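Notes for the one structure printed next.
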Amino acid sequence: MKRAFLLTVVLILSVALASADVSLNGYLQTDTRFRIQGEKGFTWNRSEVNLKLEGNPSEGLHLFGEAIIRGLGFPRVETLSDLQRFERDRATPWSVELKEAYLDVYGFLIDNLDLRMGKQIVVWGTADRINPTSNICPDDLEDVFNFGEKLGVNSIKASLYGSLGETDITLTGVFVPIFTPSILPPPGWTSGLMESQGIKPPQGISLGDVKQEISLPEDRLSETSSFGLRLMANNLKGYDISVSYYRGRDKLPIKSALTLCQRPQEKAPHGPMVMDG
């Protein structure tokens, strides 16, 4: 029954796409960077193909999808077997990213209620780059020169529209069932932005190897889910005003505990020292 149901869904979507007003566009981009000061050398090497699919299968429905095929980084070859891999990912690293894929349903149940389901990027607020009110989606900090990028998350967004005199009012609710952490910059940039990983050992003890462990929430709805609400008023005495509420987890790693282990040559109290903070 599951296979039959899946096949039926695929066939329905295929027929809908065939009869829909579909547009396909995208771009090609190559980005190579070289550091001319300090430790000179290539720091970035990426080529990407971006494809966007958009269509209207029927009245009241809108679909959108965006995918990126990337060749990125530098060769990571250490052994002969790395050059014999079928995937070729060691000699020419590459990846495929599904940035967004969602379906809009306009006039869901009532005329002034719209629904968006699927992987989407939700941006709240109008601040450029640094936007503290846009906290639904995790940050994509892979490229430090493209600060402000967000990752798409599987979610459901409902928007209810109304008016009060000349003021347009929109109430938006977003539910995200699965937690997704933010993406950090490459190690070279991380060490430059976070000196010694933010760890200051006691006087007389040098910092050696650093082992990190990240604890993700358990795969339970009560642990991984998050939601947000926003009330927005447009043209309220000439101003646009919004108030939002978010309940969820921080997307960036937060240091909660630190354990320092003594090296044999160091003179320090016996046993590990644990610092909670």
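Here the working numbering is used: position 193 in the sequence shown is 224, and no number is missing along the way.
The C-beta atom is built at its ideal place from N, Cα and C for all residues, glycine as well.
Since the model is a prediction, treat every value here as computed from it, not as a measurement.
Listed in chain order, the beta strand (DSSP E) runs fully inside the stretch 111-199 are 125-136, 144-151 and 184-195, counting runs of at least 3 residues. The three-state secondary structure of SER213, taken from DSSP, is coil. Beta-bridge partners assigned by DSSP to PHE206: ILE187 and PHE258.
In terms of Cβ geometry, GLY102 and TRP125 form a close pair [threshold 8 Å]. Nearest neighbour of GLU197 by Cα position, chosen from LYS268, ARG116, LYS150 and LEU82, turns out to be LYS268.
Distance from the CA atom of ILE152 to the CA atom of LEU129, rounded to whole angstroms, is 12 Å.
By DSSP's assignment, LYS83 forms a beta bridge with ASN56 and GLU97. By the neighbour-count criterion, in which a residue is buried when 16 or more other Cβ atoms sit within 10 angstroms of its Cβ, SER253 is exposed. Bridge partners of ILE272 according to DSSP: ALA264. In the three-state reduction of the DSSP assignment, SER253 falls in the helix class. Distance between GLY193 and GLY138, taken at the CA atoms: about 13 Å. By DSSP's assignment, LEU92 forms a beta bridge with VAL136. Segment contact: the stretch 269-288 against the stretch 200-214, three or more CB-CB distances shorter than 8 Å; contact assigned. Across the set THR123, ILE99, PRO248 and TYR276, the C-alpha of THR123 shows the shortest separation from the C-alpha of VAL108.
Looking at the DSSP output, GLY102 shares a beta bridge with SER78 and TRP125.
Exclusion of the five residues before and after MET148 leaves TYR133, LEU134 and ILE187 as the residues of its chain whose Cβ lies within less than 7 Å of its Cβ.
Around the CB of ILE167, 16 or more other CB atoms lie within 10 Å, so the residue is classed as buried. VAL127 is classed as exposed because its beta carbon has fewer than 16 other beta carbons within 10 Å across all chains shown. When only Cα atoms are considered, SER257 and GLY204 end up about 11 Å apart. With a threshold of 16 other beta carbon atoms within 10 Å, LEU140 falls short and is exposed. With respect to the C-alpha of ASN76, the residue from GLU131, ASP62, ASN56 and LEU111 having the closest C-alpha is ASP62. In the assembly as shown, ARG160 is an exposed residue. Its beta-carbon has fewer than 16 other beta-carbons within 10 Å.
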